[in-house]
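All letters in the sequence shown, in the order written, are residues 401 to 717 by our numbering.
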Amino acid sequence: MKRVIVTGGAGFIGSHLCKALLKAGNSVVCVDNFFTGREANILGLEEYGHFQIIRHDVVDAFFIEADQIYNLACPASPVHYQADPIKTLKTNILGALNVLELAQKVNACVLQASTSEVYGNPLEHPQTEKYLGNVNSIGIRSCYDEGKRAAETLYMDFHRTRDVDVRIVRIFNTYGPNMRPDDGRVVSNFIVQALTGVDITIYGDGSQTRSFCYVSDLVDGLIRMMNNENGFIGPVNLGNPGEFTMIELAQKVIDLTNSSSKIVFCDLPSDDPVRRKPDISRAEEYLNWKPTVWLDEGLKHTIKYFDDLLSKSRAER
Ligand code: NAD
Ligand code: UDP
């Protein structure tokens with residue numbers, strides 16, 4: 401049995417990761433400040449094994465004995481990471497520093513949840529890990545993009561100069577159950593809008609693209625990356641290479657929910673990447689990983705989750 405820390409474990413991806421790790425027989429400590437995380441996401445996880453929740457902000461150093469650390473703490477939706485951009489930078493940089501120093505002290509392997517945002521508004525398509533990115537250092541997304549880039553630098557420097565065992569994963573847009581209804585990202589926005597019959601808000605003309613990975617595939621990739629025995633530290637892209645415009649996504653959600661919602665076009669936020677699609681050959685080669693859940697199937701599971709959640713909250717009113 402391994403002792404595993406998951407920072408950000410009460411969030412969307414973190415909660416699925418905690419459950420998968422517990423089911424595999426590990427002992428899990430979730431460290432979270434509950435900024436975007438929710439107790440409902442992790443309620444009952446102790447049923448699956450030894451599970452502990454510690455309310456703590458990773459900006460402050462902490463000490464817990466562990467064999468492995470997954471560092472997921474950071475708001476991921478633009479709405480939430482832009483709400484207090486200075487705090488987002490602190491979470492990314494000081495959080496990374498604190499988990500790396502902890503990993504060094506306790507001799508743990510530490511995995512960083514990095515992001516496709518390190519490629520910014522990419523000029524290469526699809527994006528391989530060799531692409532160095534096209535990132536605006538002074539825009540409204542920079543607190544997140546540059547924070548994650550600085551974190552990657554810290555990971556590599558701790559690895560090179562202090563021999564810390566690290567893993568860097570660049571996650572592309574991931575969706576699924578346990579997202580908040582007010583998360584603000586496109587999949588949850590469109591589904592909640594479709595289910596409640598309000599207008600579906602496309603930002604810009606909707607021709608921008610994203611590649612959407614279902615959460616179970618992503619979690620499988622994270623665990624494979626942590627446990628790989630090839631000495632492979634990454635960075636590695638994890639995402640689903642299927643590429644869709646936001647108009648295509650909206651239409652799919654309308655069809656799958658049988659919704660009467662209309663599409664409306666709103667202002668495009670600045671620095672919104674025009675297109676994004678992972679090249680996953682590295683993940684295939686080193687981790688024998690590729691996604692298995694395609695968009696229609698993943699959307700059906702996610703729609704069911706939101707439908708149940710909204711019905712429950714209507715019943716409680
Ligand atoms: P999320 O917002 O649902 O979860 C983030 C979790 O981190 C929440 O539980 C939140 O309360 C916690 N947190 C935030 N700041 C913290 C702090 N200072 N101290 C302790 N806990 C803190 O987001 P998510 O989608 O689950 O993303 C998880 C990780 O994966 C993030 O690091 C994110 O940057 C990365 N990522 C996600 C995606 C995606 O599409 N979901 C894409 C790229 C990268
Ligand atoms: N988007 C949209 N309507 C929404 C929310 C987002 O059209 O209600 C667009 C957004 O402008 C972006 C894409 O959907 O082009 C993905 O946005 P999200 O916030 O999910 O992730 P990110 O921009 O970080 O990839």
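Built from N, CA and C at the ideal position, the CB exists for glycine as well.
Exercise. Helix or strand or just coil, what does DSSP make of Gly520?
Worked result: Here the question's residue 520 lines up with position 120 in the sequence shown. In the structure shown, Gly520 adopts extended strand secondary structure according to DSSP, grouped into three states.
Exercise. Skipping 5 residues on each side, what residues in its chain have a beta carbon closer than 7 Å to that of Lys490?
Worked result: Numbered from 1 along the sequence shown, position 90 holds the residue referred to as residue 490. Hits under 7 Å: Val459.
Exercise. Roughly how many whole angstroms lie between the Cα atoms of Gly495 and Gly520?
Worked result: Reading the sequence shown from its first residue, position 95 is the one you call residue 495. Reading the sequence shown from its first residue, position 120 is the one you call residue 520. In this structure, the CA atom of Gly495 is about 22 Å from the CA atom of Gly520.
Exercise. Taking the C-alpha atoms as reference points, what is the distance between Asp545 and His450?
Worked result: Against the sequence shown, residue 545 aligns to sequence position 145. Against the sequence shown, residue 450 aligns to sequence position 50. His450 has its alpha-carbon roughly 34 Å from the corresponding atom of Asp545.
Exercise. Under the three-state reduction of DSSP, which class applies to Asp696: helix, strand or coil?
Worked result: To locate residue 696, count along the sequence shown from 1; it is residue 296. It is helical.
Exercise. So, is Phe434 buried or exposed, given that buried needs 16 or more other C-beta atoms within 10 angstroms?
Worked result: Counting from 1 along the sequence shown, the entry for residue 434 is found at position 34. With fewer than 16 neighbouring CB atoms inside 10 Å of its own CB, Phe434 falls in the exposed class.
Exercise. In chain order, what residues of the same chain lie with their CB nearer than 7 Å to the CB of Pro526, ignoring the 5 residues before and after it?
Worked result: For this step, residue 526 is matched to residue 126 along the sequence shown. Sequence-distant Cβ neighbours of Pro526 in its own chain, meaning closer than 7 Å and more than five residues away, are Pro641, Lys677, Pro678, Asp679.
For this session: With a cut-off of 8 Å on the beta carbons, I'd call Ala461 and Glu501 a contact; round off their distance for me.
Result: Against the sequence shown, residue 461 aligns to sequence position 61. Against the sequence shown, residue 501 aligns to sequence position 101. Sure, about 7 Å apart at Cβ, within 8 Å.
Exercise. On the three-state DSSP scale, how would you describe Leu511?
Worked result: Within the sequence shown, residue 511 is the residue found at index 111, counting from 1. If DSSP states are grouped into helix, strand and coil, Leu511 belongs with the strands.
Problem set entry | Beta-carbon spacing of Val510, Ile469 below 8 Å | Residue mapping note: residue 510 aligns to position 110 of the sequence shown, counting from 1. Residue mapping note: residue 469 aligns to position 69 of the sequence shown, counting from 1. With contacts defined as CB atoms closer than 8 Å, Val510 and Ile469 qualify as a contacting pair.
For this session: Check whether the Cβ of Val586 lies closer than 7 Å to any heavy atom of the ligand UDP, and answer yes or no.
Result: For this step, residue 586 is matched to residue 186 along the sequence shown. Flag set: Cβ of Val586 near the ligand UDP.
Problem set entry | Cβ neighbour criterion (16 or more within 10 Å) applied to Ala513 | Position 113 of the sequence shown, counted from the first residue, corresponds to residue 513. Answer is buried; the Cβ neighbour count reaches 16.
Exercise. What is the DSSP secondary structure of Phe558, counted as helix, strand or coil?
Worked result: Sequence index remark: in the sequence shown, residue 558 carries index 158 (1-based). In the displayed model, Phe558 falls within a helix according to three-state DSSP.
Exercise. Is the closest heavy atom of the ligand UDP to the C-beta of Pro485 under 7 Å?
Worked result: The count along the sequence shown starts at 1 and reaches residue 485 at position 85. No; taking the cut-off as 7 Å, the Cβ of Pro485 has no heavy atom of the ligand UDP nearer than that.
For this session: Tell me, please, whether the CB atom of Ser477 is closer than 8 Å to any CB atom in chain C?
Result: Considering every chain present, this structure includes no chain C. It has just one protein chain.
Exercise. Excluding the five sequence neighbours on either side, which residues of its own chain have a C-beta within less than 7 Å of the C-beta of Val693, listed in chain order?
Worked result: In the sequence shown, the residue the question calls residue 693 occupies position 293. Here the set comprises Tyr614, Ser616, Asp617.
Problem set entry | Sufficient close CB pairs (3 or more, under 8 Å) joining the stretch 698-708 to the stretch 581-595 | Counting C-beta pairs closer than 8 Å gives three or more between the stretch 698-708 and the stretch 581-595, which meets the contact rule.
Problem set entry | For Ile633, three-class secondary structure by DSSP | Here residue 633 corresponds to residue number 233 of the sequence shown, with the count starting at 1. Secondary structure at Ile633: coil, using DSSP grouped into helix, strand and coil.
Problem set entry | Where Leu532 falls: helix, strand or coil (DSSP) | Within the sequence shown, residue 532 is the residue found at index 132, counting from 1. Here Leu532 sits in coil by DSSP.
Exercise. Taking DSSP as the reference, what is the three-state secondary structure of Asn589?
Worked result: Counting from one through the sequence shown, the residue named residue 589 turns up at place 189. Looking at Asn589 - three-state DSSP - the assignment turns out to be helix.
Exercise. Ends of the beta strand (DSSP E) at Gln452?
Worked result: Taking the first residue of the sequence shown as 1, we reach residue 452 at position 52. Looking at the DSSP string, the run of the beta strand (DSSP E) that includes Gln452 is 451-455.
Exercise. Are Gly414 and Val404 close, meaning C-beta to C-beta below 8 Å?
Worked result: Here residue 414 is taken as the residue at index 14 of the sequence shown, counted from 1. Here residue 404 is taken as the residue at index 4 of the sequence shown, counted from 1. Gly414 places its beta carbon 8 Å or farther from that of Val404.
For this session: Tell me whether Pro678 counts as near the ligand NAD, meaning its Cβ is closer than 7 Å to at least one heavy atom of that ligand.
Result: Sequence index remark: in the sequence shown, residue 678 carries index 278 (1-based). Not under cutoff, so the answer is no.
Exercise. To which residues of the same chain is Gly481 closer than 6 Å at the C-beta, ignoring the five residues directly before and after it?
Worked result: Looking up residue 481 in the sequence shown gives position 81. Rather than Gly, the amino acid found at residue 481 in this sequence is Tyr. Excluding positions up to five away in sequence, the list reads Pro475, Thr488, Tyr544.
Exercise. Taking Leu622 as the reference, which of Leu497, Asn536, Trp689, Asn498 has the closest Cα?
Worked result: One-based indexing of the sequence shown puts residue 622 at position 222. Closest by C-alpha distance to Leu622, out of Leu497, Asn536, Trp689, Asn498, is Trp689.
For this session: State the DSSP-derived secondary structure class of Phe706, mapped to helix, strand or coil.
Result: Within the sequence shown, residue 706 is the residue found at index 306, counting from 1. Reduced to three states, the DSSP call for Phe706 is helix.
Exercise. Within the present structure, is the beta-carbon of Phe665 separated from the nearest heavy atom of the ligand NAD by less than 7 Å?
Worked result: Indexing the sequence shown from 1 puts residue 665 at position 265. Because no heavy atom of the ligand NAD lies under 7 Å away, the Cβ of Phe665 does not count as near it: no.
Exercise. What residue range is occupied by the uninterrupted alpha helix (DSSP H) comprising Tyr686?
Worked result: Working through the sequence shown from its first residue, we reach residue 686 at position 286. Its alpha helix (DSSP H) spans residues 681-687.
For this session: Would you mind giving the Cβ-Cβ distance between Gly576 and Gly698, rounded to the nearest angstrom? I have them listed as a contact below 8 Å.
Result: In the sequence shown, residue 576 corresponds to position 176, counting from 1. In the sequence shown, residue 698 corresponds to position 298, counting from 1. Distance from Gly576 to Gly698 at the Cβ level is roughly 6 Å; contact confirmed, criterion being Cβ atoms closer than 8 Å.
Exercise. Where does the unbroken beta strand (DSSP E) through Thr488 begin, and where does it stop?
Worked result: The sequence position of residue 488 within the sequence shown is 88, counting from 1. That residue, Thr488, is in no beta strand (DSSP E); its alpha helix (DSSP H) goes 485-506.
Problem set entry | Exposure of Ile419, with buried meaning 16 or more beta-carbon neighbours within 10 Å | Within the sequence shown, residue 419 is the residue found at index 19, counting from 1. First, the amino acid is wrong: residue 419 is Lys here, not Ile. Result: buried.
For this session: Compute the Euclidean distance between the alpha carbons of Ile721 and Gln608, then round it to the nearest angstrom.
Result: Nothing about residue 721 can be read from this structure; the chain reaches only from 401 to 717.
For this session: Can you tell me which of the three DSSP states Leu443 falls into?
Result: In the sequence shown, counting from the first residue as 1, residue 443 sits at position 43. It is coil, neither helix nor strand.
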